[in-house]
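Inspection log for the structure reproduced underneath, given as structure tokens.
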Amino acid sequence: MTEQPDFSWHHQPWQQLQTMQQQGRMPHALLISGIAGVGKRAFADKLIASLLCEQPDTAFNACGNCHSCQLLAAGSHPDHKEVSPEEAGKQIKVDQIRDLKQSQTLMPKVSKGKTVLITAADQMNISAFNSLLKLLEEPQPESVLILLSENSQQLPITIKSRCQTLVIPTPDTEEALAWLQHTDMQFSPEEWQSLLKLSQGAPLAAMALGEAGLKQSRQVTQDIALLMQAKANPVQMAADWQQFDLKSVLYQIQHMMQIKISSLLLGDARVSDVILRQYWAIMDCISDTIKLISSQNNLNKILLIEDFMVTVMQHADQIHQLKETHR
Ligand SMILES: [Zn+2]
94 MTEQPDFSWH HQPWQQLQTM QQQGRMPHAL LISGIAGVGK RAFADKLIAS
144 LLCEQPDTAF NACGNCHSCQ LLAAGSHPDH KEVSPEEAGK QIKVDQIRDL
194 KQSQTLMPKV SKGKTVLITA ADQMNISAFN SLLKLLEEPQ PESVLILLSE
244 NSQQLPITIK SRCQTLVIPT PDTEEALAWL QHTDMQFSPE EWQSLLKLSQ
294 GAPLAAMALG EAGLKQSRQV TQDIALLMQA KANPVQMAAD WQQFDLKSVL
344 YQIQHMMQIK ISSLLLGDAR VSDVILRQYW AIMDCISDTI KLISSQNNLN
394 KILLIEDFMV TVMQHADQIH QLKETHR
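Residue numbers (our numbering): 94 to 420.
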């Protein structure tokens, strides 16, 4: 079995699992939530290995040597099933859940129990959710169903209420930086910090962005300055941004606006108040655009970003006028 890196921010939720296991309270359905890039998948893989292992240690770690561990590492464990969208960004189909239900009626072949992993659990249509609900309502003995979700608020309450939720936290900047510097030496602390701003502080997402993320960070910093001077060409700029991961672009802008708002809050209250409202309106527009980009609707992303830029420039223009009148 390949050695997993040690994610320091996983220690606390793992301890929760250890306690549940020790007390014989391992739930039949577990929802592992957390933002993209905090290592939910790695956490689930570790849990699955421990649940299926023939001789886990006292800390509930899989041995890595037994028949079950070997089968799992080879991707051929008969008692483990995984369901994911067939294509990235697409939904899990109802037939996939029906097949899963069928397989769950069989007895375990190698291990004492069975495990199921449903990745991107929020990416389902209503009929798939209903089928999953039936599965949750009839838990199989010694079987653990694990759902992963980075948008758990999009899961129906009927599903959520039948799962025990375990949140993988986002480490604070200091912890994330320490981990990144220890794991990957290619970037300076300042560069890692820039990348963390693009990934809402999620270390694995920062790592995945890498060099391209740094290029994006530099470009977007310049472009935002132009937008805030209301001097940008939205058509050109929106076309340029298509090469970037748009969600991380918006996270970066959100971060920049938060810093700007904090500095205004420390400044002259009388002037800041009306100007602040304009910045808050920009923040709302950022959140709305992130929501739209994250939704599964087939939106024209170029138009969406152009609209975003036009709105930002309108507020920037208002800010300039307000500054003039308060001078
Ligand atoms: Zn084992």
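The beta carbon of each residue, even a glycine, is placed where N, CA and C say it ideally should be.
From a predicted model like this one, the values you see are computed outputs, not experimental measurements.
The beta carbons of residue 320 and residue 405 sit closer together than 8 angstroms. Judged by DSSP in its simplified three-state form, residue 312 adopts helix. Here the alpha carbon of residue 413 sits roughly 23 angstroms from the alpha carbon of residue 380. Taken from the Cβ of residue 158, at least one heavy atom of ligand 1 lies inside 7 angstroms. Secondary structure of residue 304 (DSSP, three-state): helix.
Separation of residue 392 and residue 239 (C-alpha to C-alpha, rounded to the nearest whole angstrom) is 31 angstroms. Taking one beta carbon from each stretch, the stretch 223-233 and the stretch 193-206 have 3 or more pairs nearer than 8 angstroms; the two touch. Look at the beta carbons and you see the stretch 132-145 not touching the stretch 267-286: under three pairs across the two are nearer than 8 angstroms.
Distance from the C-beta of residue 284 to the nearest heavy atom of ligand 1 is not below 7 angstroms.
The residue among 184, 236 and 199 with its C-alpha nearest the C-alpha of residue 206 is 236. Residue 215 is positioned such that its CB atom lies no closer than 8 angstroms to that of residue 177. Within the same chain, and ignoring the five residues on either side of residue 102 in sequence, the residues whose Cβ sits closer than 6 angstroms to its Cβ are 262 and 264. For residue 165, the secondary structure class from DSSP, reduced to helix, strand or coil, is helix. Setting aside the 5 residues that flank it on each side, residue 143 is surrounded in the same chain by 149, 153, 154 and 155, each with a C-beta closer than 7 angstroms to its C-beta; the list follows chain order. Between residue 313 and residue 345, the gap from beta carbon to beta carbon is short of 8 angstroms. Spanning the alpha carbons of residue 281 and residue 355 requires a straight line of approximately 26 angstroms. For ligand 1, no non-hydrogen atom lies closer than 7 angstroms to the CB of residue 378. In the same chain as residue 340, and ignoring 5 residues on each side of it, the C-beta atoms closer than 8 angstroms to its own belong to 383, 386 and 387, in chain order.
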